[in-house]
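*Asks:*
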Amino acid sequence: GIQVEQSPPDLILQEGANSTLRCNFSDSVNNLQWFHQNPWGQLINLFYIPSGTKQNGRLSATTVATERYSLLYISSSQTTDSGVYFCAASNTGNQFYFGTGTSLTVIP
Amino acid sequence: DVKVTQSSRYLVKRTGEKVFLECVQDMDHENMFWYRQDPGLGLRLIYFSYDVKMKEKGDIPEGYSVSREKKERFSLILESASTNQTSMYLCASSFDRGYTEAFFGQGTRLTVV
Chain A
147 GIQVEQSPPD LILQEGANST LRCNFSDSVN NLQWFHQNPW GQLINLFYIP
197 SGTKQNGRLS ATTVATERYS LLYISSSQTT DSGVYFCAAS NTGNQFYFGT
247 GTSLTVIP
Chain B
-6 DVKVTQSSRY LVKRTGEKVF LECVQDMDHE NMFWYRQDPG LGLRLIYFSY
44 DVKMKEKGDI PEGYSVSREK KERFSLILES ASTNQTSMYL CASSFDRGYT
94 EAFFGQGTRL TVV
């Protein structure tokens, strides 16, 4: 299967700060997604981004498929951004391989 | 919006019980998945289904079975629950293999005592 590595594992930010989360994957993919896991455990879809760049409000993501990495940018962070961020990759559709996540804490 | 609904958010069951976790999606998706999430181990695939009555084992199928009699519903069955099956269970669905976005349910926290 695909090995997915996320960094950093933990991140503490002051409210208003910007951050970059990284996801490296070991093989070519046709599906790359970013999720935010809320405090109740649900995985919320942030981006479906097998390649290119997308933006949604304060969040944006870039995937460079040829170099096998993806970045999630969070600007002007808010306390509600706290939680665990996962990236997941697939090249078969039979399963999605998850990284171990980045735990983000935003303090007021 | 795509909606994936798991039947329970929290469950407490006794060792040896037969446990059913239900998942329903409302977007006519072909694929459905069951994952479990454990601290330090991340999300691991238990079973995958790509069509009605079709299933494939994931990385950790031991102790589990699944049922997909209708396209919208995918059930995970713990034949005889054990304490090492205490975990967070997450169901997901996607439209077809590999090329479309996956959506997750709210999760079921199962405790086996």
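Protein chains in written order, with the numbering used here: chain A, 147 to 254; chain B, -6 to 106.
All C-beta atoms, glycine included, are put in the ideal place defined by N, C-alpha and C.
None of the values given here were measured: they were computed from a predicted structure.
Check the Cβ-Cβ distances between Q179 (chain A) and every residue of chain B, and say whether any is below 8 Å.
*Replies:* Closer than 8 Å to some Cβ of chain B, the Cβ of Q179 (chain A) qualifies, so yes.
*Asks:* With the cut-off set at 8 Å, would you say R7 (chain B) and S80 (chain B) are in Cβ contact?
*Replies:* No, they are not a contact pair.
*Asks:* Just by C-beta distance, which residues in the segment 237 to 252 of chain A are closer than 9 Å to chain B?
*Replies:* For the segment 237 to 252 of chain A, which is checked against every Cβ of chain B, the residues closer than 9 Å are N237, T238, G239, N240, Q241, F242, Y243, F244, G245, T246 and G247.
*Asks:* Y243 (chain A) bridges to which residues according to DSSP?
*Replies:* Paired residue(s): A:A235.
*Asks:* What residues from chain A crowd round E55 (chain B), counting only those whose CB sits closer than 7 Å?
*Replies:* Simply none; closest approach about 16 Å.
*Asks:* In the DSSP output, which residue or residues are listed as bridge partners for D31 (chain B)?
*Replies:* Paired residue(s): B:G35.
*Asks:* Does the Cβ of L103 (chain B) have 16 or more other Cβ atoms within 10 Å, making it buried, or fewer, making it exposed?
*Replies:* L103 (chain B) is buried by the Cβ-count criterion.
*Asks:* In or out: G239 (chain A) buried (at least 16 other Cβ within 10 Å) or exposed?
*Replies:* It is buried - the Cβ of G239 (chain A) has at least 16 other Cβ atoms within 10 Å.
*Asks:* Looking only at its own chain, which residues have a Cβ that is under 6 Å from the Cβ of R168 (chain A), when we skip the five neighbours before and after it?
*Replies:* Excluding sequence neighbours, R168 (chain A) sits near S153 and L217.
*Asks:* Determine the DSSP secondary structure at Q78 (chain B), reduced to helix, strand or coil.
*Replies:* Correct three-state label for Q78 (chain B): helix.
*Asks:* Taking Cβ to Cβ, would you say V17 (chain B) is nearer than 8 Å to R61 (chain B)?
*Replies:* Taking 8 Å as the Cβ cut-off, V17 (chain B) and R61 (chain B) do not qualify as a contacting pair.
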